[in-house]
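Notes for the one structure printed next.
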Amino acid sequence: MPDIVIYFNALSSRARRFARHYEAYFEAYFLSQQNAGSVVVLPSSASRHHDIGLLREACQTASECVVIGGDGSVNIVANVVVKTSVKLTVIPVGTGNDFARDHGLCNWRWRMRKPITTSKECLGVANTCYFVNHVGTGLSVDLMHLQPAWLKQSAGRLSYSIALLRYLFGSFNHRSRVHHEQHWDDGQIVALGRYIGGGIPVHPNANRGKGVMARIGIPQMQRWAQLKALLRVMQNKVEQTPALEFSTGKQFSIGDSEHPVELDGDIHFQGPVSVSVLTEAIYVTVPAGYGQRLGFERTGE
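Structure (structure tokens):
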């Protein structure tokens, strides 16, 4: 029987506790089935590259990788299991949890309690890096700077709203200005999933099975206009917001040489980047019924 790999955010006490519960659950399962499978538990470290190396080695003999953390942890595992048969299982313990929200995952015990199925899904590709939710420059990077680790730890999901308010009513001098054709943008985002920033619905009709992305351009505008546009986005009306540039497709280019780019709220490199879709990239474990409701291709129990 292949191994089960559990990768968890070592900085989160909840993630550490949940990892112990899942380790005991899978060990009991193997014992009851008299299978020779084993459970490999890997805590996160300060080095993304170090974690990816350990995960690649552990996943060579694994059938499933359970990630207990936020979107940054999910991104790391996705970059390991891409184009393999290893199933990705997400137990949300992060601040935003946008990938988990997109899949209807909330209770941390869901993998132990619910019947499961597997969906075959796409990944976004920016240069040579994969992303599960979005890639962005300008506004999304600025918000990361306005949402330091201490704010995330103390305010949780509310930290996204605090960062947005700091951005909207803060100094214009601290905002990025990203060049786009004949004008300047405050931000550019390409979204594969429905949500970014802890539940902001930037791509309401997203389908991870088909992999049609949405590009959202945020031109320079006055504060009141930005606030009005944000409220419309929060009301699921991003496509009907004239102040924003909204389009869908499978290939885009964003950024310029003067500004960094982030993927899933974590990784930085310098723009511009070419963004595309990798089809049938990963297998994701979801509760039975969710795959069909959200438009994923069901591949088996």
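In terms of the working numbering, the sequence shown is numbered consecutively and its last residue is 348.
Beta carbons are placed, not taken as given, at the ideal position from N, Cα and C, and that holds for glycine.
Since we're looking at a predicted model, the values are computed, not measured.
Determine the direct distance from the alpha carbon of residue j to that of residue i, and round the result to whole angstroms.
i	j	result
residue 116	residue 66	10 angstroms
residue 101	residue 312	22 angstroms
residue 61	residue 140	7 angstroms
residue 291	residue 263	7 angstroms
residue 123	residue 98	8 angstroms
residue 72	residue 308	39 angstroms
residue 255	residue 54	23 angstroms
residue 301	residue 94	27 angstroms
residue 347	residue 175	The predicted position of residue 347 is uncertain, since its pLDDT is 44 and thus under 50; a value taken from the coordinates is nonetheless stated next. Looking at the two C-alpha atoms, the distance is approximately 30 angstroms.
residue 344	residue 283	Here residue 344 scores only 49 on pLDDT, less than 50, and its place in the model should not be relied on; the value that follows carries that caveat. Computed Cα separation, rounded: 25 angstroms.
residue 295	residue 252	10 angstroms
residue 318	residue 305	7 angstroms
residue 293	residue 70	44 angstroms
residue 227	residue 207	26 angstroms
residue 89	residue 63	10 angstroms
residue 314	residue 183	10 angstroms
residue 104	residue 85	15 angstroms
residue 199	residue 142	7 angstroms
residue 160	residue 333	12 angstroms
residue 187	residue 132	32 angstroms
residue 83	residue 76	11 angstroms
residue 192	residue 211	11 angstroms
residue 177	residue 185	19 angstroms
residue 277	residue 91	34 angstroms
residue 222	residue 238	21 angstroms
residue 322	residue 258	12 angstroms
residue 213	residue 248	20 angstroms
Does DSSP put residue i in a helix, in a strand, or in coil?
i	result
residue 52	strand
residue 259	coil
residue 230	strand
residue 298	strand
residue 336	coil
residue 267	coil
residue 109	strand
residue 280	helix
residue 211	helix
residue 238	strand
residue 321	strand
residue 310	strand
residue 100	helix
residue 250	coil
residue 292	strand
residue 83	coil
residue 274	helix
residue 75	helix
residue 63	helix
residue 305	coil
residue 243	strand
Restricting to Cα atoms, I'd like to know which of the options is closest to residue i.
i	options	result
residue 219	136, 245, 273 and 108	273
residue 229	199, 266 and 215	266
residue 330	111, 78 and 104	111
residue 49	82, 87, 109 and 103	109
residue 216	268, 107 and 287	268
residue 246	235, 145 and 316	145
residue 327	335, 222, 167 and 235	167
residue 310	289, 336 and 240	240
residue 127	78, 74, 68 and 52	52
residue 181	336, 78, 189 and 235	235
residue 189	224, 320 and 74	224
Any alpha helix (DSSP H) of 4 or more consecutive residues that is wholly inside the segment 118-184 = Entirely contained in the segment 118-184, the alpha helix (DSSP H) runs reaching 4 residues are, in chain order, 118-128, 145-149 and 157-160.
Should the segment 136-152 be regarded as contacting the segment 169-176, the criterion being three or more beta carbon pairs within less than 8 angstroms?
-> Contact fails: fewer than three Cβ-Cβ distances are below 8 angstroms.
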